[in-house]
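The opening residue of the sequence shown carries number 3 in our numbering; numbering runs sequentially from there.
Virtual Cβ for every residue (Gly too), placed ideally from N, Cα, C.
Fair warning: this is a prediction, and the values are worked out from it, not measured in the lab.
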Amino acid sequence: MIQYSDRSKAILLCLLSLVLAAAPVLARSVEPVSETRSVRPQNAPEISYTVSMSKPTTHLIEVVMKLNWANMPAKAEVKMPVWTPGSYLVREYARHVQDFTASSGSGKLNWRKINKNTWEIDTKGAKSISVIYRVYANELTVRTNELNDEHLFFTPAALLMYPKGQLSSPSTVKVIPYGNWKVATGLPEVAGEQNTFRAANFDVLYDSPFEVSDFVEKKFTVRGKEHRYVVTGEGNYDLDRMAVDTAKIVEETALIFGELPYDDYLLILNLRGGGGLEHLNSTALQWNRWGFESEQAYTAFLGLVAHEFFHLYNVKRIRPDALGPFDYENENYTKLLWVAEGTTSYYEHVLMRRAGLKSDRQILSSQASIAEGLYGQPGRFQTSLEEASFDAWIKYYRRDENAINNQISYYSKGELVNFLLDIMIRSESDGEKSLDDVMRYLYDEFYKKDKNFSPEDFQRISEMMAGSSLEEFFSRYVRGRAEIDYNPILNRFGLEFVAMRPESDEAYHGANLRSSGDSLTVSSVPADTPAWNSGLMVDDEIVALDGYKISQQFLTHYLGSKKAGDNVKLAAFRRGELVMVDLTLGKTPASGFMIRPVSDPTEEQQALYRGLFETNLPGTAQ
């Protein structure tokens with residue numbers, strides 16, 4: 003090991019900062035992607051925030067940002083992120099900012115807004131300034147803020163500004179709760195300062211949501227590390243049971259990677275809405291307050307927990323090429339969201355199965371359901387998994403009535419392809435390796451060595467574990483748009499993909515309809531269906547079929563007497579005008595897909611199948 007003097011270290015840091023400033027593209031490629039940005043700016047400012055909520059019913063969060071900076075620029079810029087990691091859409095958080103002011107010890111400072119998310123302040127030589135603003139918060143999602151008489155939930159990226167060029171700087175956040183509310187966050191508390199928390203840099207700060215309310219709390223321990231639920235809202239949940247089952251999920255995940263890479267873990271649960279967002283040592287969850295009683299609903303909730311918990315490895319630490327260090331002002335493009343989300347979606351089922359919370363039959367049924375949904379999307383021939391990942395910023399969160407024709411979900415198809423990839427790796431390696439080994443290799447060789455991985459890396463490592471080329475699989479189903487040929491892959495495990503209701507001559511119109519009073523309205527028209535070919539359009543309000551008043555019941559009954567090739571006439575209002583549409587009915591597509599065991603599986607097939615949902619521990623074969 004080479005030893006450096008303090009003077010040498012200072013010179014090296016100075017040179018490094020010059021290189022990074024002169025070559026931003028190079029800097030992005032070499033900067034380590036550990037949980038903290040590697041290089042803290044020299045003479046970094048002291049940054050502190052005070053977050054308060056004096057009138058919750060106004061939905062206005064009050065923020066005071068203080069900068070103490072020996073090198074304070076004459077014109078300081080503070081910025082609001084436009085998105086938050088894990089949710090790939092520019093959300094323009096600055097639109098909720100109001101009442102912005104800036105001051106120093108000498109009084110108010112002049113400021114101007116210079117673009118959509120940047121405020122420039124004339125500091126007049128002050129070394130300490132305060133920035134005060136309020137943020138309107140009335141949107142409860144895991145990626146936004148909500149303040150009301152029940153609680154405050156906030157995502158720091160949607161609330162706290164940062165000084166330009168100082169994303170590597172540490173900061174503290176002090177929360178002044180309303181009334182008897184308590185504060186929960188994954189950030190460590192500053193010793194001796196109540197409700198004050200410290201972040202090593204802005205990547206960590208923006209990755210640490212806060213819940214402030216009179217929440218219910220439950221702690222439990224896994225592998226000697228504390229985990230806790232904080233729950234806001236009344237509901238029919240059983241917190242003790244949730245803790246026990248979540249501990250099982252945590253343990254099964256730790257078996258894959260060999261460790262829990264945090265000191266403690268927080269699960270924030272709001273009992274309204276739905277969804278989750280992953281973080282380094284916490285997750286924000288939302289669920290229907292009455293959505294725990296049935297076993298099916300409770301199992302679905304645990305699936306959400308498993309999904310977000312697996313993310314703390316996959317995405318938060320095992321990072322695709324562009325996802326860290328983050329650019330908070332622009333899109334961060336990657337072709338790997340099908341791994342970030344699809345792999346995680348697959349593992350939420352695997353972890354539940356290994357934890358004894360789900361059966362393999364349930365998992366196979368889930369994969370068959372995804373396959374059936376994909377079969378009904380003409381967009382599968384228009385968009386590959388890599389293309390869907392790359393275009394998430396403009397498409398996934400902005401789906402319209404034509405999405406069925408030009409998009410697929412990198413979540414659902416990604417899950418299905420990962421399931422098939424796991425089978426490929428296990429069968430090609432005779433059960434010695436699995437997708438577990440791919441994820442573990444990425445964790446050990448990329449995360450632990452401060453590297454992001456590329457699409458080429460993921461294929462290469464999958465092939466390394468399989469012990470053979472997977473080029474055809476990746477070129478057809480990841481980079482390409484080919485129809486998935488399930489049975490040659492599933493048969494390796496003694497499984498088959500079948501349609502319980504094959505294509506038939508029963509009449510089929512193809513449009514997706516919604517009931518609207520005494521009529522049916524077209525909500526979408528899948529490409530190349532009879533409805534598409536007839537010229538039926540989205541928002542057409544169908545009022546009659548062959549001269550008879552229409553309803554969903556009548557439509558089903560009437561078409562039951564027809565067959566493929568028959569012609570019918572639809573009367574519909576289009577933009578308020580009555581139109582007649584001649585429609586030639588087609589064949590009813592296959593449906594009722596399922597994945598089931600073949601009738602007479604071989605011993606080899608049975609052995610591979612038994613290992614499918616078991617943990618591939620390092621150096622072991624199933």
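Closest by C-alpha distance to residue i, when choosing among the options
{"i": "alanine 159", "options": "Val317, Ser89 and Ala78", "result": "Ser89"}
{"i": "arginine 93", "options": "Phe102, Met82 and Val175", "result": "Met82"}
{"i": "valine 137", "options": "Lys126, Lys129, Leu149 and Arg145", "result": "Leu149"}
{"i": "leucine 561", "options": "Thr590, Ser429 and Trp534", "result": "Thr590"}
{"i": "tyrosine 445", "options": "Phe259, Ala202, Leu142 and Tyr180", "result": "Phe259"}
{"i": "arginine 481", "options": "Arg382, Lys57 and Asn493", "result": "Arg382"}
{"i": "alanine 706", "options": "Thr336, Lys110 and Met244", "result": "Since the first residue of the chain shown is 3 and the last is 624, residue 706 is not available in this structure."}
{"i": "threonine 346", "options": "Tyr335, Ala484, Asp209 and Gly305", "result": "Gly305"}
{"i": "asparagine 290", "options": "Thr234, Thr60, Trp113 and Tyr412", "result": "Thr234"}
{"i": "leucine 62", "options": "Phe102, Phe595, Val500 and Thr223", "result": "Phe102"}
{"i": "glycine 181", "options": "Leu162, His153 and Trp85", "result": "His153"}
{"i": "methionine 426", "options": "Tyr443, Asn454, Ser470 and Phe392", "result": "Ser470"}
{"i": "glutamine 288", "options": "Glu228, Glu213 and Arg462", "result": "Glu213"}
{"i": "alanine 201", "options": "Gln554, Ala78, Ile49 and Asn514", "result": "Ile49"}
{"i": "threonine 86", "options": "Leu557, Arg145, Gln100 and Arg576", "result": "Arg145"}
{"i": "phenylalanine 222", "options": "Pro47, Asp487, Asp247 and Tyr335", "result": "Asp247"}
{"i": "leucine 547", "options": "Pro528, Glu458, Asp520 and Asp530", "result": "Asp520"}
{"i": "arginine 598", "options": "Leu497, Glu219 and Asp240", "result": "Leu497"}
Presumed contact (8 Å Cβ cut-off) between residue i and residue j, rounded CB distance
{"i": "glutamate 236", "j": "leucine 273", "result": "7 Å"}
{"i": "valine 540", "j": "serine 526", "result": "6 Å"}
{"i": "glutamate 310", "j": "glutamate 280", "result": "5 Å"}
{"i": "leucine 169", "j": "phenylalanine 217", "result": "Leucine 169 to phenylalanine 217, Cβ: 30 Å. No contact."}
{"i": "alanine 373", "j": "tyrosine 488", "result": "7 Å"}
6 Å CB neighbourhood of residue i in its chain, flanking five on each side removed
{"i": "glutamate 295", "result": "Asn238"}
{"i": "glycine 588", "result": "Tyr510, Pro532 and Ala566"}
{"i": "threonine 523", "result": "Arg516 and Glu543"}
{"i": "alanine 390", "result": "Ile410 and Tyr412"}
{"i": "alanine 484", "result": "Arg478"}
{"i": "tryptophan 395", "result": "Tyr90 and Glu333"}
Helix, strand or coil at residue i [DSSP, three-state]
{"i": "tyrosine 300", "result": "helix"}
{"i": "isoleucine 486", "result": "coil"}
{"i": "glycine 519", "result": "coil"}
{"i": "isoleucine 410", "result": "coil"}
{"i": "serine 210", "result": "coil"}
{"i": "asparagine 535", "result": "helix"}
{"i": "proline 322", "result": "strand"}
{"i": "arginine 363", "result": "helix"}
{"i": "lysine 250", "result": "helix"}
{"i": "arginine 93", "result": "coil"}
{"i": "tyrosine 629", "result": "The chain is shown only over 3 to 624; residue 629 falls outside these bounds and no answer can be derived."}
{"i": "valine 144", "result": "coil"}
{"i": "arginine 478", "result": "helix"}
{"i": "threonine 617", "result": "coil"}
{"i": "phenylalanine 156", "result": "strand"}
{"i": "lysine 415", "result": "helix"}
{"i": "phenylalanine 556", "result": "helix"}
{"i": "glutamine 100", "result": "strand"}
{"i": "phenylalanine 392", "result": "helix"}
{"i": "phenylalanine 448", "result": "coil"}
{"i": "phenylalanine 294", "result": "coil"}
One or two residues paired with residue i in a DSSP bridge
{"i": "asparagine 514", "result": "Ser526"}
{"i": "aspartate 265", "result": "Beta-bridge pairing links aspartate 265 to no other residue."}
{"i": "glutamate 228", "result": "Thr223 and Asp266"}
{"i": "glutamate 543", "result": "Thr523 and Phe575"}
{"i": "tryptophan 113", "result": "Ile123"}
{"i": "arginine 503", "result": "Ser593"}
{"i": "aspartate 584", "result": "Lys571"}
{"i": "tyrosine 164", "result": "Lys81"}
{"i": "valine 185", "result": "Val214"}
{"i": "phenylalanine 199", "result": "Val175 and Glu191"}
{"i": "leucine 149", "result": "Leu154"}
7 Å Cβ shell around residue i - same chain, five flanking residues per side excluded
{"i": "lysine 11", "result": "Because the pLDDT of lysine 11 is 39, which lies under 50, any placement of that residue in the model is unreliable, and the number read from its coordinates should be weighed accordingly. So the list is empty, once near-sequence residues are dropped."}
{"i": "glycine 537", "result": "Val583"}
{"i": "phenylalanine 199", "result": "Thr174, Val175, Thr187, Leu189, Pro190, Glu191 and Val192"}
{"i": "glycine 594", "result": "Ala501, Met502 and Arg503"}
{"i": "asparagine 112", "result": "Asp124"}
{"i": "isoleucine 552", "result": "Ser521, Leu522, Ile544, Val545 and Ala546"}
Residue i CB to nearest heavy atom of the ligand ZN below 8 Å
{"i": "tyrosine 90", "result": "With respect to the ligand ZN, the structure offers nothing, as it holds no ligand at all."}
C-beta neighbour in chain C for residue i, strict 9 Å
{"i": "arginine 321", "result": "Here there is only one protein chain, and chain C is not present."}
Other residues of its chain near residue i: CB distance less than 8 Å, five sequence neighbours each side excluded
{"i": "serine 106", "result": "Thr125, Lys126, Ala128, Ser130, Ile131 and Ser132"}
{"i": "phenylalanine 615", "result": "Val352, Arg355, Arg356, Asp362 and Ile365"}
{"i": "tyrosine 398", "result": "Tyr90, Leu91, Ala390, Gln409, Ser411 and Tyr412"}
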